[in-house]
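Protein sequence lines correspond, in order, to chains C and P. For what it's worth, the working numbering labels the leading residue of the first sequence as 66, then goes sequentially. For what it's worth, the working numbering labels the leading residue of the second sequence as 1279, then goes sequentially. First comes the structure, then the notes that go with it.
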Amino acid sequence: MTNPGSLIVSTPSDREIVMTRGFDAPRTLVWEALTTPALLRRWLGGMPGWTMTKCEMDLRVGGAYRYEWRKDDGTVMGMGGLLREVVAPERMTATERFDEPWYPGEALVSQVLTEKGGRTTITMTLRYESKEARDMVVKSGATSGMEMGYARLDELLAAGRTPAVERR
Amino acid sequence: MQLKGYERLAPERLDAVFAALADPTRRAILSRLATGEASVSELAEPFEMSQPAISKHLKVLERAGLVSRGIDAQRRPRRLEPKPLAEATQWLERYREVWEANFRRLDSVLEDLKAREKERAHPKRQGHPR
C-alpha cells in the first residue's frame, strides 16, 4: 500500500528539534491533512490512551489554533498558539504554548513541505524559547551547522552500554 | 508536540547535555570513554590537542554530568556517566514514538485523500462500498 519514509529526528542545536518524514502523497494532499481540523483530529492523537477532543484552526497569518486532548483517565491537555506564516501548500509556522507548560515559554514550530516525484517530505522544526534561541534567530544562519543525529547518539549509547543505559 | 503526561526531565540538565554533545571533539571523547576510563593525557593523545584544550572540553562534559573523575588520585581518570546520555536519548525517543504514531495515522489519512482524488477524477463507480 503506502511506502512511507522513516522518521528522522535530529537536534541541530541545543534549542531545536528537527523531524523529517516522507509521505507517499502529493504536497497538496499533505497540506490538506495538516491544515483541516477534521483531518488533523484523525492523526494528531499523540500518545496511546489520548484522544483529540478539540481541534480548531483559523488558517491565516495571525490566526489562532487550539488543540485539546483527553486521556482515558480524564486528564485534559491543551495547547495552542498563533499562525505566523501560512504559505499553501509549502510552509506553515506557528507558535506553540501548552496550558501546563512542560518546557519553559513558547516554541516556534515550522513545517516545510517539499514534493518530489509525487512524494512529499515534511520537515518540522521546533525551536524552543530562550535567550540563546533568540540570539540565534537574530543572527540567523549563525548556527554551528552541526548535526547530532539521533542515530549518532544511539551509536554512542550502544558503545557505552552498561546496565544503567540498557533501554529495552 | 504533545508530550505531557510523561515525567519531566530537568530542562537545564537536558540543555547542558545537548550543548555538550554539540561538539565533535566532545563526542569523540565520550566515544573513547565508552571503551573505558582514561586520564587527561591519555585522552589528549589521539586528538592532537593540548591537555588544557582537552581539559576545557572535559569541564563542559563534567558540568553536563556526562563525565566523572575516578578515585585514583594520581591519574584522575575520567569516565563516562551513562545516565544523562540515556535521559537525553529517552527524551528524543519519546518524541520519536509520539510522532511515529502520529505520522502512521497521517499515512492512512493520506491514503483516503488519494482515494477521494481518484474518485473525483473517475466519478462513475456507483455502489462503491465506501
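Cβ atoms here follow ideal geometry from the backbone N, Cα and C, with glycine treated the same way.
As a beta-bridge residue in DSSP terms, C/E161 pairs with C/A172. Going by DSSP, C/I73 is part of the beta strand (DSSP E) stretching over 73 to 78. In this structure, the CA atom of P/T1303 is about 27 Å from the CA atom of P/R1374. In this structure the segment 1318 to 1336 of chain P does not touch the segment 1377 to 1391 of chain P; the number of beta carbon pairs closer than 8 Å is below three. In terms of Cα proximity to P/E1340, the closest of P/V1318, P/E1389, P/E1371 is P/V1318. Against chain P, the beta carbon of C/E97 has neighbours under 8 Å at L1391, listed in chain order. In this structure, the straight-line span from the alpha carbon of C/T188 to that of C/R86 is close to 7 Å. Distances from the CA of P/V1295 to each of P/E1395, P/S1386, P/L1358 were compared; the closest alpha carbon is that of P/L1358. Note that the C-beta distance between C/T185 and C/F88 is below 8 Å. P/I1307 is the residue among P/G1314, P/K1396, P/E1315, P/I1307 whose C-alpha sits nearest the C-alpha of P/P1324. Taking 8 Å as the cut-off, the Cβ atoms of C/E155 and C/V177 count as close.
Within chain P, V1387 have C-beta atoms less than 7 Å from the C-beta of C/L104, given in sequence order. Taking a Cβ-Cβ threshold of 8 Å, the residues of chain P close to C/G110 are A1379, N1380, R1383, in chain order. Against chain C, the CB of P/V1376 has a partner CB under 8 Å away; the residue lies at that interface. Annotation for P/I1307: the continuous alpha helix (DSSP H) segment containing it runs 1302 to 1312.
Chain-ordered, the chain P residues with CB closer than 7 Å to the CB of C/R107 read R1383, V1387.
For C/E194, there is no enclosing alpha helix (DSSP H), as DSSP gives it neither H nor E.
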